[in-house]
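Numbering-wise, the sequence shown is residues 251 to 347 according to our numbering.
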Amino acid sequence: MLGVAMALMCAPSMLLLDEPGSGLSHDELDRLSEVLRRLRGQGMTLCVIDHRVGFLGALADRAIVLYHGSKIAEGTPSQVLSQRAVIEAYLGDAHVA
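Printed below as a string of structure tokens:
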């Protein structure tokens, strides 16, 4: 969270965040999510790279899913999470209906 605060001191129009919640407790992650939602509500563009689907889904208007360095899905969080390629890549083909 300190890195986010430091970046905000420069008054950017966009933030690029790579695993911003890494090492944070559940409560700290909730606070970070609240700060990021507030920034988004103020019109700031956020590009967040993370593996926590719930954390990202609460923030994102759009999602891009990478698997082994290649894009396999793009759309709203609900759209990408329902795509067969995403389910197979992250849960295995046994979970595909």
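We put the CB at the ideal spot given by N, CA and C, even for glycine. Since we're looking at a predicted model, the values are computed, not measured.
Within 9 Å, strictly: CB atoms of residue i and residue j
i: Met294; j: Ser263; result: yes
i: Gly273; j: Arg302; result: no
i: Ile314; j: Glu324; result: yes
i: Val298; j: Leu286; result: yes
For residue i, three-class secondary structure by DSSP
i: Gly304; result: helix
i: Met348; result: With the chain represented from 251 up to 347, any question about residue 348 goes unanswered, as that position is not in the structure.
i: Gly291; result: helix
Residue(s) in a DSSP beta bridge with residue i
i: Ser320; result: Tyr317
i: Val298; result: Leu267
i: Gly203; result: Past the edges of the chain, shown from 251 to 347, lies residue 203, and the structure says nothing about it.
Alpha-carbon spacing of residue i relative to residue j, whole angstroms
i: Arg334; j: Ala308; result: 21 Å
i: Leu258; j: Leu279; result: 18 Å
i: Ala255; j: Gly291; result: 17 Å
i: Leu267; j: Ala310; result: 13 Å
i: Cys260; j: Leu306; result: 24 Å
Buried or exposed by the 16-neighbour rule on C-beta atoms within 10 Å, applied to residue i
i: Leu213; result: Past the boundaries of the shown model lies residue 213; the chain is included only from 251 to 347, so the question cannot be answered.
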